[in-house]
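Some notes on the structure that comes next.
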Amino acid sequence: MAQAKRHLAPAIGNGAGLVKVPSPSEAEAAVRTLLRYMGEDPDREGLERTPHRVASALQFLTRGYNQDPKDTINGALFSEAEYQEMILCKDLDFYSLCEHHMLPFFGKAHVAYLPSKRIVGLSKVPRMVEIFARRLQVQERLTRQIAQTLMSEIEPLGVAVVLEAEHMCMRMRGVEKQNSIVMTSAMLGVFRKNHETRQEFMNLIRKAS
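Heads up, the sequence shown is in our numbering, so the first residue is 17 and it goes up one at a time.
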């Protein structure tokens, strides 16, 4: 398992910098401790390789810490003054880990922006969603990060983001509501100020795929 060298700030503007990352062996030792805490024997046959697998899986699931979404966007900005209609990327699958219990939450992201003078390569929007999702998150912050980053980097007239997610911390534990869906939104610029623009976005994401 390759050792990560730096962690990016999990929230916009929180001032976090470089942090020391434990070695793979330290991460695996922590998993062994958790196995003993659960009453298991980490040395039995079925669990011998589990600490390595868990440490590797966690590094994969949180690889967004080592990626900067701004770099992704800035490498694919194009001047396009004539196009002034909404651009919508709908039904973007994402998977993340809740920072409160480190249990998965997953669902679909709908991201739209109304360009001013620049557009971004279409593949960069889902990639940006992926980078932010692959960190320990709360859905509310994830929604806001996507919207704020697009707004600051593309400088459009407005950005709209809606996330629909299923949270295992609500289904497997706690209230155990098996059919619960959590929806969050962030509306910036014209999507916040103009009811018709916001309603057009909502109508588009409600249409069957």
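Glycine residues also receive a C-beta, built at the ideal position from the N, C-alpha and C atoms.
Note that the coordinates shown come from a computational prediction; the quantities given were computed from them, not determined experimentally.
I think residue i touches residue j, with their Cβ atoms under 8 Å apart; what is that distance to the nearest whole Å?
i: L104; j: G174; result: Incorrect: roughly 12 Å between the Cβ atoms, too far for contact.
i: A10; j: V145; result: The first residue shown for the chain is 17 and the last is 225, placing residue 10 beyond what the model contains.
i: V127; j: L108; result: 7 Å
i: S201; j: T159; result: 7 Å
i: R69; j: P58; result: Between P58 and R69 the Cβ distance is about 12 Å, and since that is not below 8 Å, they are no contact.
Cutting at 8 Å between CB atoms, please list the residues of its own chain near residue i, excluding the five before and the five after it.
i: I15; result: Residue 15 is absent from the model: the chain starts at 17 and stops at 225.
i: E61; result: none
i: A45; result: P67
i: Y99; result: P131 and I135
i: T78; result: L113, R150, R151 and L152
Rounded to whole angstroms, what's the CA-CA distance from residue i to residue j? Just pull it up for me.
i: V141; j: S168; result: 14 Å
i: Q215; j: R189; result: 36 Å
i: T66; j: T213; result: 50 Å
i: V154; j: K223; result: 27 Å
i: L220; j: K106; result: 9 Å
i: P40; j: C114; result: 22 Å
i: M54; j: D84; result: 36 Å
i: L63; j: I89; result: 42 Å
i: E156; j: F121; result: 12 Å
i: P38; j: R187; result: 31 Å
i: I170; j: R143; result: 15 Å
For residue i, which residues of its own chain have a beta-carbon under 6 Å away from its beta-carbon, when the five flanking residues on both sides are left out?
i: L138; result: none
i: F110; result: A125, V145 and A149
i: D87; result: none
i: H117; result: C185
i: A43; result: A71
i: I147; result: G80, Q83 and P85
Thinking just about the alpha-carbon of each residue, which of the options is nearest to the one in residue i?
i: V178; options: L204, G190 and E212; result: L204
i: V35; options: Y81, R52, A45 and L77; result: Y81
i: Q194; options: L220, R52, C185 and Q100; result: C185
i: L166; options: E56, V70, L63 and A92; result: A92
i: M102; options: P172, L119, V191 and L77; result: P172
Under the DSSP definition of a beta bridge, which residues are partnered with residue i?
i: V127; result: C105 and V177
i: V198; result: A181
i: F110; result: G123
i: I170; result: Partner(s): none; I170 has no beta bridge.
i: R229; result: Since the first and last residues shown for the chain are 17 and 225, residue 229 lies out of range.
Under the criterion of a Cβ to heavy atom distance below 7 Å, does residue i qualify as lining the ligand SAM?
i: V141; result: Summarising the ligand content, the structure contains no ligands, and the ligand SAM is consequently not present.
Return the chain-ordered list of same chain residues with a C-beta closer than 7 Å to the C-beta of residue i, the five sequence neighbours on each side being excluded.
i: A97; result: K133
i: F207; result: G174, V175, A176, T213, R214 and F217
i: F7; result: The displayed coordinates of the chain run from 17 to 225. Any statement about residue 7 would go beyond what the structure contains.
i: R52; result: P58
i: E56; result: L63
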